[in-house]
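A.B. asks:
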Amino acid sequence: MPLLTVQPKPITNENFAKWGQVVRLPDADPNAVQVNQGTAQKFSHLAQFVNHRPAVSDTANPNPSLKSADANIAIFKCYKPVTADQFPIKLLERHSYSSQMFMPMGGDGNGSYVVVTAENGPDDKPILETLEAFKCNNTLGINYKPNVWHHPMIVVEKPVQFMTITYESGVGLEDCEEYWFTKESGEEGGAAALIQLQQS
Numbered sequence: 001m002p003l004l005t006v007q008p009k010p011i012t013n014e015n016f017a018k019w020g021q022v023v024r025l026p027d028a029d030p031n032a033v034q035v036n037q038g039t040a041q042k043f044s045h046l047a048q049f050v051n052h053r054p055a056v057s058d059t060a061n062p063n064p065s066l067k068s069a070d071a072n073i074a075i076f077k078c079y080k081p082v083t084a085d086q087f088p089i090k091l092l093e094r095h096s097y098s099s100q101m102f103m104p105m106g107g108d109g110n111g112s113y114v115v116v117t118a119e120n121g122p123d124d125k126p127i128l129e130t131l132e133a134f135k136c137n138n139t140l141g142i143n144y145k146p147n148v149w150h151h152p153m154i155v156v157e158k159p160v161q162f163m164t165i166t167y168e169s170g171v172g173l174e175d176c177e178e179y180w181f182t183k184e185s186g187e188e189g190g191a192a193a194l195i196q197l198q199q200s
């Protein structure tokens, strides 16, 4: 049988809302304020950053089965753009207890990346048939909600560096859970779906 093939769609606030938020400079924001002695505008609350685990500073941990977590501000240097017409999907990952934000650094609008998401199933695994793909230019960031299945970032056209923020505790499966589509693909390490990066 032919593999499920998904065409990325241009990302919007509306079509990405079930997965998280698009982090972008608003076209108009009545709540924007002048700051820095009138030399800048501040646009606040552009994403909803969530931590479902207690902070390290919380001495009254309401859930002792979960280790406390701190925000990890990191840089992902995606230095190998995908040049193929199609990209194989072999796995997805999720962060059950934390949002995860990716914000391109120095984006000039001439590069882009693709975001891939899927719904969680009744067996607590991603549902392959619900895969969605979104194309973003490198001036836009995205913020995943906790527990959203997604593929690691797919950079096309040219390298992109992302600043990321994720709450992490250092406990492997609590920080990041992977699901490999071995069953769906029918082979170890095989592709279960394709993302169409170039028009055929």
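Letter by letter, the sequence shown follows residues 1 to 200 of the working numbering.
Even glycine gets a Cβ: it sits at the ideal position worked out from N, Cα and C.
All of these numbers come straight from a predicted model, not from anything done at the bench.
1. So, is PRO104 buried or exposed, given that buried needs 16 or more other C-beta atoms within 10 angstroms?
2. Would you kindly report the start and end of the unbroken beta strand (DSSP E) that includes LEU173?
3. So, helix, strand or coil for THR5, using DSSP?
4. Who are GLN21's beta bridge partners in DSSP?
5. To the nearest angstrom, how far is the alpha carbon of ASN51 from that of GLN86?
6. At 4 residues or longer, and completely inside the region 31 to 76: list those alpha helix (DSSP H) runs for me, N to C.
7. Return the chain-ordered list of same chain residues with a C-beta closer than 7 Å to the C-beta of PRO81, the five sequence neighbours on each side being excluded.
8. Could you check how far apart the C-beta atoms of ALA193 and LEU4 are, in whole angstroms? I think they sit under 8 Å.
9. What are the boundary residues of the beta strand (DSSP E) that includes GLU93?
10. Can you list, in chain order, the residues of its chain whose CB lies under 8 Å from that of GLN41, leaving out five sequence neighbours each side?
11. For VAL115, which residues does DSSP report across the bridge?
12. Contact between the region 163 to 177 and the region 124 to 131: three or more CB pairs below 8 Å?
13. With 16 other CB atoms within 10 Å as the buried threshold, where does ALA28 fall?
14. Among ALA71, PRO54, CYS176, whose alpha-carbon lies nearest the alpha-carbon of SER65?
15. Going by DSSP in three states, GLU178 sits in which element: helix, strand or coil?
16. Near TYR8, what residues of its chain come up, given a Cβ to Cβ distance below 7 Å and the 5 sequence neighbours on each side ignored?
17. Using the DSSP secondary-structure output, state which residues sit across from SER185 in a beta bridge.
C.D. replies: Reading it off the structure:
1. The sequence position of residue 104 within the sequence shown is 104, counting from 1. Counting Cβ neighbours within 10 Å, PRO104 comes out buried, since at least 16 surround it.
2. The count along the sequence shown starts at 1 and reaches residue 173 at position 173. Not the beta strand (DSSP E): LEU173 falls in the alpha helix (DSSP H), residues 172 to 175.
3. In the sequence shown, counting from the first residue as 1, residue 5 sits at position 5. DSSP places THR5 in strand when its eight states are reduced to three.
4. For this step, residue 21 is matched to residue 21 along the sequence shown. GLN21 is bridged to ASN143.
5. As a working note, residue 51 is residue 51 in the sequence shown. As a working note, residue 86 is residue 86 in the sequence shown. Roughly 35 Å between the two C-alpha positions.
6. none
7. The residue given as residue 81 occupies position 81 in the sequence shown. Excluding sequence neighbours, PRO81 sits near VAL155, VAL156, GLU157, LYS158, PRO159.
8. Indexing the sequence shown from 1 puts residue 193 at position 193. Indexing the sequence shown from 1 puts residue 4 at position 4. Contact flag correct, Cβ pair sits at about 4 Å.
9. Within the sequence shown, numbered from 1, the residue matching residue 93 stands at position 93. For GLU93, the uninterrupted beta strand (DSSP E) run begins and ends at 91 to 94, by DSSP.
10. In the sequence shown, residue 41 corresponds to position 41, counting from 1. Within the same chain, GLN41 has close Cβ partners ALA32, VAL33, GLN34, VAL35.
11. Here residue 115 refers to the residue found at position 115 when the sequence shown is read from its first residue. PHE134.
12. no
13. Within the sequence shown, numbered from 1, the residue matching residue 28 stands at position 28. Exposed, by the Cβ-count rule.
14. As a position in the sequence shown, residue 65 is number 65, starting the count at 1. Comparing Cα positions, the closest option is PRO54.
15. Within the sequence shown, residue 178 is the residue found at index 178, counting from 1. Here GLU178 sits in strand by DSSP.
16. For this step, residue 8 is matched to residue 8 along the sequence shown. Here residue 8 turns out to be Pro, not Tyr, going by the sequence shown. Closer than 7 Å at Cβ, skipping near neighbours: VAL114, ALA133, PHE134, LYS135, ILE195.
17. Working through the sequence shown from its first residue, we reach residue 185 at position 185. DSSP lists no partner for SER185.
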